[in-house]
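Visitor: Just passing along the structure, written as structure tokens.
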Amino acid sequence: MSANQKKRGENMLSVIIPAYNEEKMIQTTADTVDRILSEASVPYEIVFVNDGSKDGTWQQIETAAEKNPHVNGLHFSRNFGKESAIFAGLANAEGDCCAVMDCDLQHPPEVLVSMYRLWEQGYEVVEGVKRSRGKESAIHRACAGLFYKMMSKAVKIDMSRASDFKLLDRKAVDALLGMPEKNAFFRALSSWIGYRSTSVEFDVQERTEGESKWSTWSLIKYAVTNVVAFSTAPMQFVTVAGIFTFLFAIVLGIESLVRYFTGHAVEGFTTVILLILIVGSLIMMSLGIIGYYISKIYEEVKGRPKYLISKKAGKRK
Ligand code: UDP
Ligand code: MG
18 MSANQKKRGE NMLSVIIPAY NEEKMIQTTA DTVDRILSEA SVPYEIVFVN DGSKDGTWQQ
78 IETAAEKNPH VNGLHFSRNF GKESAIFAGL ANAEGDCCAV MDCDLQHPPE VLVSMYRLWE
138 QGYEVVEGVK RSRGKESAIH RACAGLFYKM MSKAVKIDMS RASDFKLLDR KAVDALLGMP
198 EKNAFFRALS SWIGYRSTSV EFDVQERTEG ESKWSTWSLI KYAVTNVVAF STAPMQFVTV
258 AGIFTFLFAI VLGIESLVRY FTGHAVEGFT TVILLILIVG SLIMMSLGII GYYISKIYEE
318 VKGRPKYLIS KKAGKRK
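Reading the sequence shown from the start, the letters are residues 18 to 334 in this note's numbering.
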């Protein structure tokens, strides 16, 4: 029997914490989670996932694991991104339920207790929903708004206040782990799987140490990847655009023929240039969109792992 099976049945909560360059936060986060969950008598373990940090994050995780037997760590061979870190944490968690939270305490750990109580009442997915989004620039807010509108349409669930802060029952975790796709988007997939769900509201806290790891460019890339992973709407847009230019071409064609037969053939230069530009750019754009889907299919077909673990810390070393 694996250690995994032995642990089950104790109603243990695994708290999964992806960490990238968070050396200043590890101890504080471990101590805060420990204090809050111990006070609430919630049996727990912490799984820190060091996502290829360039600072002393791993040493901090090892120290935390020596100090507190509930703390475990996974060390990636390089930076694979937060999504991969979440999935690695879920795959290595031993709890009967798993919660995912950020390392910077922007997700208040007190909420873990409310989530856990809801799980005890039989909920299988407890979503953390942002009551307020914390400090953000206006542009960031607007782009995030647009992205979540598209995602909500794609997943057919309101995602405007969604976050990665959530608790999943073992059944839901296994369902997620059973998905073969490499471009997994945790925030949306955890809604897509269904199950008996509820939500708790929380206020996004301010980051006290370090800085956000997301640049505008990485956020745009993240948004495009996830829309493509969940929706074929951009490809349908190509067809619709094609139909419109075709109709436009018919109208222009009829006009040209009428002019030709009535002896008013236009010099036509402007029309030709315009048509070439419009159709040319539409074709390029369409090829780009299709190419993007093909590149994603290529990535999936290669079947490379989402992440590689090079070291572990804690009792499962
Ligand atoms: N993170 C990660 N890998 C990355 C980027 C971020 O594991 O490549 C972690 C980070 O350490 C933090 C969480 O993801 O625990 C959220 O990151 P961050 O606070 O930078 O994002 P924000 O709160 O600004 O959205
Ligand atoms: Mg943060």
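Positions of the beta carbon are idealized from the N, C-alpha and C atoms, including for glycine. Just so you know, these numbers come straight off a predicted model, no measurement behind them.
Name the residue from Leu206, Asp119, Leu184 and Pro126 whose alpha carbon lies nearest to the alpha carbon of glycine 227.
Guide: Answer by Cα proximity: Asp119.
Visitor: Starting from isoleucine 210, trace the beta strand (DSSP E) both ways and give me its first and last residue.
Guide: Unbroken run through isoleucine 210: none, as it is neither H nor E.
Visitor: Would the C-beta of serine 229 count as close to the ligand MG, meaning under 7 Å from any of its heavy atoms?
Guide: Yes.
Visitor: Among all the DSSP beta bridges, which residues are the ones paired with proline 125?
Guide: Answer by DSSP bridge pairing: none, since proline 125 is not bridged.
Visitor: In the DSSP assignment, what are the bridge partners of lysine 328?
Guide: Its beta-bridge partners are His92.
Visitor: Can leucine 194 and alanine 108 be called in contact, C-beta distance under 8 Å?
Guide: Yes, these two residues count as a Cβ contact at 8 Å.
Visitor: Please name the residue, chosen from Val318, Ser70 and Leu135, that lies closest to lysine 199 on a Cα-to-Cα basis.
Guide: Nearest option by C-alpha distance: Val318.
Visitor: Grab the span of the beta strand (DSSP E) containing valine 217 for me, first residue to last.
Guide: Segment 214-220, the beta strand (DSSP E) holding valine 217.
Visitor: Could you compute how far the alpha carbon of glutamate 223 sits from the alpha carbon of proline 125?
Guide: Using only the alpha carbons, I get a separation of about 10 Å.
Visitor: Would the C-beta of glycine 98 count as close to the ligand UDP, meaning under 7 Å from any of its heavy atoms?
Guide: Glycine 98 Cβ: within cutoff of the ligand UDP.
Visitor: Give the DSSP-derived three-state secondary structure of lysine 238 in the structure shown.
Guide: Helix at lysine 238.
Visitor: Which residue's Cα is closest to the Cα of glutamate 111: Thr74, Glu144, Glu56 and Ile33?
Guide: Selected option, being the one with the closest Cα: Ile33.
Visitor: Helix, strand or coil: which one does DSSP assign to lysine 166?
Guide: If DSSP states are grouped into helix, strand and coil, lysine 166 belongs with the helices.
Visitor: Flag this pair as yes or no: are the beta carbons of valine 217 and valine 143 separated by less than 8 Å?
Guide: Yes, they are a contact pair.
Visitor: Apart from the five residues just before and just after aspartate 220, which ones in its own chain have a Cβ nearer than 8 Å to its Cβ?
Guide: Only Pro125, Lys147, Arg148, Ser149 and Gly151 meet the Cβ criterion.
Visitor: Per DSSP, which residues does leucine 185 bridge with? Please list them.
Guide: According to DSSP, which records beta bridges pairwise, leucine 185 is partnered with Cys115 and Val142.
Visitor: Give me, in chain order, the residues of the same chain whose beta-carbon lies closer than 6 Å to that of methionine 42; leave out the 5 immediate sequence neighbours on both sides.
Guide: If we look at methionine 42 and ignore the five residues flanking it on each side, its Cβ neighbours are Cys120, Asp121 and Glu226.
Visitor: Using the rule of at least 16 other Cβ atoms within 10 Å of the residue's Cβ for burial, across every protein chain shown, is tyrosine 61 buried or exposed?
Guide: With 16 or more other Cβ atoms within 10 Å, it is buried.
Visitor: Who pairs with tyrosine 61 in a beta bridge, going by DSSP?
Guide: Leu30.
Visitor: Run through DSSP, which three-state label would arginine 321 get?
Guide: Three-state result, arginine 321: coil.
Visitor: Kindly indicate the opening and closing residues of the alpha helix (DSSP H) around asparagine 85.
Guide: No alpha helix (DSSP H) holds asparagine 85; DSSP gives it neither H nor E.
Visitor: Kindly identify the DSSP beta-bridge partner or partners of valine 66.
Guide: In the DSSP output, where bridge partners are listed per residue, valine 66 has Pro35 and Leu91.
Visitor: Hey, would you say threonine 74 sits closer than 8 Å to asparagine 38, going by beta carbons?
Guide: Yes; because the gap between Cβ atoms is below 8 Å, this pair is in contact.
Visitor: When you measure from the CB of aspartate 119 to every non-hydrogen atom of the ligand MG, does any distance come out below 7 Å?
Guide: Because some heavy atom of the ligand MG lies under 7 Å away, the Cβ of aspartate 119 counts as near it: yes.
Visitor: How is lysine 173 classed by DSSP in three states: helix, strand or coil?
Guide: Lysine 173 falls in the coil class under three-state DSSP.
Visitor: Work out the CA separation of alanine 250 and glutamate 141 for me, nearest whole Å.
Guide: Answer to the nearest angstrom: the Cα atoms are 30 Å apart.
Visitor: Please classify arginine 204 as buried or exposed, where buried requires at least 16 neighbouring CB atoms within 10 angstroms.
Guide: By the neighbour-count rule (16 or more Cβ atoms within 10 Å), arginine 204 is buried.
Visitor: What residue range is occupied by the uninterrupted alpha helix (DSSP H) comprising arginine 52?
Guide: From DSSP, the alpha helix (DSSP H) with arginine 52 extends over 43-56.
Visitor: Check the C-beta distance from aspartate 72 over to phenylalanine 97 and give it rounded, since I have them as a contact under 8 Å.
Guide: Rounded, the Cβ-Cβ distance is 17 Å, inconsistent with contact.
Visitor: Does the ligand MG have a heavy atom nearer than 7 Å to the CB of glutamine 138?
Guide: No.
Visitor: Is the closest heavy atom of the ligand UDP to the C-beta of glutamine 123 under 7 Å?
Guide: It does: the Cβ of glutamine 123 is within 7 Å (strictly closer) of some heavy atom of the ligand UDP.
Visitor: Count the C-beta pairs between the region 247-267 and the region 156-163 that are closer than 8 Å, then say yes if the count reaches three, no if not.
Guide: Contact fails: fewer than three Cβ-Cβ distances are below 8 Å.
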